[in-house]
Each structure stands twice: as structure tokens, then as C-alpha cells.
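One structure below.
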Amino acid sequence: MLSKDTVPQERFKEENKMAEEAIAAHKLSEAAGILVTIVENDPENWRAFNNMGILCWVQKNWNDAYAMFLKSVSLYPDYSDALVNLFDAALKLKKINEVKPVFEKACAVNPELEEIAILHESIREQGEAIYTSKRALSVGIYSPRIEEARKELDAGHLNQAMELFLCANDVEGPSADAFCGLGIISYYQERFEDAFVLFVESIKLNPTETDTYLNLLDAARSCNRIAETRTIFDTYRKEFPELAILDEQFSSV
């Protein structure tokens, strides 16, 4: 375990705090300017690199966020905030095996980090199954194909989006995001039964995504399957308390 004397000295504490407040207020350019100044003056400022990772995460620059969190823990191996962030970024990018040695080192340096020890144990025990864990479902797995499909969908290019969603399912394996995207396309095309089935498949793969339940409810209203939708919601609601946010919507159907 690191003694107090070996914990890295925290420099630019107030500046980092200002950057964190700017990120929270979504003043991202301001935060970026502060953080760049910090690392220019202190290239080993572990807190600033973690904050840079958070800034990248907010901007959905997942690979850059991962690199910044990794840099932070390379400077301060048992910095728990950055380790937790790195874990989520590794889930997002399916790089858990790459960070396993980082968590092994952190636990060796400081065995009293309870949360980090739990994350380390989950990496060791779950293997590839970790990508279907509740935490991974909440974080979401990044797929460039699905991101491109969403852009096409937002632009109204339904056929192009459909091809990309189908390709993602074929190449990368069944995806809740892909099924949901295909369901939205079917709904726009007024194929409501197909949309309903696709949203159900999406929920099976990720029962925590609240927007998919709302999509399912819209499809159900259009194909007279409201009662079935309520049963589906009630089943998952028992296992996932975070779905309570939808109680009001489903209590009225």
C-alpha cells in the first residue's frame, strides 16, 4: 500500500476543480483550455488527465477518453476515480482484457481499495461475459457501424441505416442497439408488428434501456398489443429497479 509520503503531490488543485465545474456546466471549451494549461505546466498531473478523459467521454470520444484514463492511472496507479472511469471505458470499447494488469497493479499497490478490488474480481471471474453484465449494459458497447447507422437514421436515410444495423448484427453479433434501430425504421415505415418484435428483441439483450420501452409502447399502441407490453415491462421491472422511472407511463396503459 502507498504511504502518505508516496502519494503523488496534487498540484493545480484549484484549476482542476474549475475544470470539473466547467464540465458539469457543459462549458467544454473552457474546461479544455484549463486542462491543457495544467498539463503543459505539469505533464504528470494525474487528476488533469482523468478530467481530460471525462471531457472526452462527455463528447463521446470514447477512444480518447480511454487513453486519458489510462494515462492518469499510469501516473497514479491506485487513483480510484480514474480506475473506475477506465473500467467503464474498457467496457464501452471491449478492452477489459487490456486493463486487467492495471487493476492487478492497483490492488497490489493498495489492497484497501474495496471498489477497485470488486472490479478486479469481476474481470477475473466473468471473462467475456462481463460485456453482458448490468454495468456493461448501462455503459453500452461502442460500435462504429451502429454510430454510423444512427447518423443515417437521423438524416432520414432509412435504407442505408437498415443496411448498417443489419451488418452490425451479422458481423459483431446481436446488438440491442441494432435491434432498436431496426425497430425504429420499421415503425417509420408503418410496419408496426415488425417494430414491436424488434423492440422486444432489443429489450431481451438490454433490459435497462428506458427509451426502448417507450418505443415498444408506441409500437404496441399501433398494433393493439398494449397488454403484452405491460406484461413485458412488469417482468423486467422486478429485476431492474432503475426502470421505476417508467412506472407512470406504464401505469396509465
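Under the working numbering, the first residue of the sequence shown is numbered 1202, with each subsequent residue one higher. Built from N, CA and C at the ideal position, the CB exists for glycine as well.
Three or more Cβ pairs drawn from the region 1365 to 1377 and the region 1340 to 1351 lie within less than 8 Å of each other, which places the two stretches in contact.
Cβ contact annotation for Ala1445 (same chain, cutoff 8 Å, sequence separation greater than five): Arg1438, in chain order. In the three-state DSSP reduction, Lys1335 falls in the helix class (H, G or I). Across the set Gly1384, Ile1239, His1227, the C-alpha of Gly1384 shows the shortest separation from the C-alpha of Leu1415. The shortest C-alpha to C-alpha distance from Glu1326 to any of Arg1248, Ser1423, Ile1297, Val1237 is the one to Ile1297. For the pair of segments examined, the region 1245 to 1257 was found not to touch the region 1292 to 1310: the number of CB pairs separated by less than 8 Å stays below three.
For Ala1377, the enclosing alpha helix (DSSP H) stretches over residues 1377 to 1389. As summarised for the region 1207 to 1259, there are no continuous beta strand (DSSP E) elements at least 3 residues long confined to that stretch. Relative to Leu1338, the option among Glu1211, Glu1443, Ala1220 whose CA is nearest is Glu1443.
When C-alpha distances from Val1454 are compared across Pro1312, Ser1273, Leu1418, the shortest belongs to Leu1418.
In this structure, DSSP gives Asn1370 a helical state, which the three-state scheme calls helix. DSSP places Leu1314 outside both helix and strand once states are collapsed to three, so it counts as coil.
The shortest C-alpha to C-alpha distance from Ile1427 to any of Val1259, Thr1409, Phe1397, Gln1210 is the one to Phe1397. For Tyr1414, the secondary structure class from DSSP, reduced to helix, strand or coil, is helix. When the alpha-carbon of Gly1341 is set against those of Trp1263, Met1219, Ser1452, Glu1429, the nearest one is in Trp1263. Going by DSSP, Pro1345 is part of the alpha helix (DSSP H) stretching over 1345 to 1355.
For Tyr1277, the secondary structure class from DSSP, reduced to helix, strand or coil, is coil. The residues Glu1231, Ala1232, in chain order, have a CB closer than 6 Å to that of Ala1223 in the same chain once the five nearest residues on each side in sequence are set aside. Relative to Ile1324, the option among Leu1406, Phe1304, Glu1429 whose CA is nearest is Phe1304.
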